[in-house]
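Here the structure comes first, spelled out in structure tokens, and everything after it is commentary.
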Amino acid sequence: MLNDNTLTYMVFTFIVGELSNNVHRNLRNGLQKTIRRVSTLIVASLTTLAAAHVQADDKVYRLKLAETWGPNTPILGDASKNMAKLAKEMSNGRLIIRIDSANKHKAPLGVFDMVKSGQYDLGHSSSYYWKGKVPNTLYFSSMPFGMTTMEQYSWFYHGGGLELMQQVYSPHNLLSFPGGNSDIQMGGWFKKEINTVDDLKGLKMRIPGFAGEVLAQVGAKPTNIAPGELYTSLERGTIDALEWVGPAFDLRMAFRKLRHTTTRLGMSQVQRLSS
Numbered sequence: 001m002l003n004d005n006t007l008t009y010m011v012f013t014f015i016v017g018e019l020s021n022n023v024h025r026n027l028r029n030g031l032q033k034t035i036r037r038v039s040t041l042i043v044a045s046l047t048t049l050a051a052a053h054v055q056a057d058d059k060v061y062r063l064k065l066a067e068t069w070g071p072n073t074p075i076l077g078d079a080s081k082n083m084a085k086l087a088k089e090m091s092n093g094r095l096i097i098r099i100d101s102a103n104k105h106k107a108p109l110g111v112f113d114m115v116k117s118g119q120y121d122l123g124h125s126s127s128y129y130w131k132g133k134v135p136n137t138l139y140f141s142s143m144p145f146g147m148t149t150m151e152q153y154s155w156f157y158h159g160g161g162l163e164l165m166q167q168v169y170s171p172h173n174l175l176s177f178p179g180g181n182s183d184i185q186m187g188g189w190f191k192k193e194i195n196t197v198d199d200l201k202g203l204k205m206r207i208p209g210f211a212g213e214v215l216a217q218v219g220a221k222p223t224n225i226a227p228g229e230l231y232t233s234l235e236r237g238t239i240d241a242l243e244w245v246g247p248a249f250d251l252r253m254a255f256r257k258l259r260h261t262t263t264r265l266g267m268s269q270v271q272r273l274s275s
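Each residue of the sequence shown is one higher than the one before, starting from 1 at the first, in UniProt numbering.
Structure (structure tokens):
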């Protein structure tokens with residue numbers, strides 16, 4: 001039976017491509033000074049750039065950001081909008097970030113590649129969506145039975161975690177930093193009650209990252225599905241179960257309308273960090 005006392009959460013990730021040598025270098029410098037907030041970090045790099053190039057005082061910088069979520073995805077869909085709003089306000093209108101949601105760029109699981117290739121300047125996603133390309137990035141997002149949110153942020157900013165994060169992304173010419181977290185997550189939504197390990201055998205479940213690999217060891221069939229397709233996939237029987245976030249998120253995703261059973265706390269994500 002899934003243990004109700006098992007904690008889970010995810011950290012989200014912002015990834016930044018090679019905007020230009022100057023902007024990229026200044027973003028790195030800002031990050032090394034432990035600028036905590038995304039908007040503060042980007043605006044600080046812009047200020048540094050302006051100081052070095054006084055003649056460009058009136059220049060407006062326009063960046064494109066791709067996100068994994070749709071524009072109406074509860075909570076997650078607001079994160080990039082809030083960051084872009086703050087960046088514009090703090091730069092006096094000189095830093096404009098255009099946000100393309102998954103319904104526009106049509107590649108919700110392809111944010112890593114789009115930023116790496118230069119198609120987009122920034123991305124907001126979670127690293128388990130590209131674990132097949134760079135498995136080591138998972139340590140900066142979600143680990144089964146891993147650190148809590150506060151523990152992971154302490155590791156990031158006071159234990160060298162952020163420096164390790166940059167080492168992993170650097171070969172791909174990307175800069176990555178925390179972009180929010182979900183805190184403790186739930187076990188999931190299931191068509192049937194899960195009371196024993198045998199109940200997981202043959203269960204096709206949307207559960208990404210290392211947690212999916214763990215369930216595969218006991219006979220489940222993990223799969224990864226874009227957030228915008230979760231409801232219809234469960235409704236139509238494409239999957240038997242899914243793991244998303246928790247009440248604040250799931251209520252607005254309307255999973256309860258499917259009348260499936262849910263577990264309280266799960267093991268997949270003690271935290272979920274976005275980047």
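Glycine included, C-beta positions come from ideal geometry on N, C-alpha and C.
As the structure is a computational prediction, the values presented were derived from the model and not from experiment.
The shortest CA-to-CA distance from TYR120 to any of TYR153, GLN166, THR68 is the one to THR68. The closest CA to that of THR196, considering only TYR169, LEU162, LEU174, GLY219, is found on GLY219. Of the residues assessed, GLN152 falls on the buried side of the cut-off, its CB having 16 or more other CB atoms within 10 angstroms. In this structure, GLY228 sits near ASN103, with a CB-CB distance shorter than 8 Å. Around the beta carbon of ILE207, 16 or more other beta carbons lie within 10 angstroms, which makes this residue buried. HIS124 counts as buried, since no fewer than 16 other beta carbons sit within 10 angstroms of its beta carbon. Annotation for TYR169: SER176 place their beta carbon closer than 6 Å to its own, counting only its chain and skipping 5 residues before and after. Straight-line spacing of the CA atoms in ASN173 and ILE239 works out to 36 Å. The beta carbons of LEU138 and TYR129 sit no closer together than 8 Å. In its chain, beyond the 5 residues on either side, PHE156 have a beta carbon closer than 6 Å to the beta carbon of LEU162. The closest CA to that of ARG62, considering only PRO178, ILE96, LEU76, is found on ILE96.
Cβ-Cβ distances below 6 Å link ARG94 to VAL60 in the same chain, with the five nearest sequence neighbours on each side left out; the list follows chain order.
Contact annotation, LEU242 with GLY188: C-beta distance approximately 6 Å; criterion of less than 8 Å satisfied.
Here LYS106 is exposed. Its C-beta has fewer than 16 other C-beta atoms within 10 Å. By the criterion of a C-beta distance shorter than 6 Å, PHE255 is surrounded in its chain by TRP189, once the five residues flanking it on both sides are discounted. In this chain, the beta strand (DSSP E) harbouring GLU67 covers 61–67.
Distance between ASN224 and ASP58, taken at the CA atoms: about 45 Å.
Separation of ASP199 and ASN82 (C-alpha to C-alpha, rounded to the nearest whole angstrom) is 42 Å. By the criterion of a C-beta distance shorter than 6 Å, LYS204 is surrounded in its chain by LYS221, ILE239, ASP240, once the five residues flanking it on both sides are discounted.
Annotation: the continuous alpha helix (DSSP H) that includes ASP250 extends over 247–253.
Here PRO247 is exposed, its C-beta having fewer than 16 other C-beta atoms within 10 Å. Boundaries of the beta strand (DSSP E) around TRP189: 188–190. Within the segment 199–244, the complete beta strand (DSSP E) runs of at least 3 residues fall at 204–206, 221–223.
As DSSP reads the structure, GLY123 sits in a beta bridge with ILE15, ALA66. Annotation: the continuous alpha helix (DSSP H) that includes SER80 extends over 76–90.
MET253 and VAL245 have their C-alpha atoms spaced approximately 10 Å apart. Sequence-distant Cβ neighbours of VAL214 in its own chain, meaning closer than 7 Å and more than five residues away, are PRO144.
Nearest to LYS191 by C-alpha distance, out of SER117, ALA211, GLY202, is GLY202.
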